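Numbering (the UniProt record's numbering), first residue to last: 1 to 111.
Cβ atoms here follow ideal geometry from the backbone N, Cα and C, with glycine treated the same way.
In this text the structure is predicted, and so the values were computed from the model without any measurement.
Have a look at the structure below, then the notes.
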């Protein structure tokens, strides 16, 4: 099971989805895309930031654009700076998924 926080970025008002358990799995991206299949995500760009050991995958969907950032240390973030409403809908879908578990956090910890 994947565990995540739906939280603000550090010193930011923008929310993100922080996958903190399970993102190291080779199947994470496909499991995530399968979990949100109802919004019909389609990859539109992939950027390999080899200097940061990170990959950025940009998707378009029925609820707008979002980006998956995945690194070699097992962290993944789903971000949608200009699409917070779409990100909230993705969170709602994940809350119903049997493969994902939302863990609540105190937003004050990220100020």
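In the three-state DSSP reduction, residue 97 falls in the coil class, being neither helix nor strand.
For residue 20 and residue 8, the gap between their C-alpha atoms comes out near 14 Å. Taking 8 Å as the upper bound for CB-CB distance, residue 69 and residue 54 are in contact here, some 6 Å apart. Unbroken beta strand (DSSP E) stretches of 3 residues or longer found wholly inside the segment 53 to 92: 54 to 60, 66 to 71 and 76 to 79, given in chain order. In this model, residue 42 and residue 49 are separated by some 21 Å (Cα to Cα).
Within the same chain, and ignoring the five residues on either side of residue 28 in sequence, the residues whose Cβ sits closer than 8 Å to its Cβ are 2, 19, 22, 70 and 76.
Taking 8 Å as the cut-off, the beta carbon of residue 93 is found no closer than this to the beta carbon of residue 87. Taken through DSSP and simplified to helix, strand or coil, residue 33 comes out as helix. In this structure, the beta-carbon distance from residue 105 to residue 37 does not fall below 8 Å.
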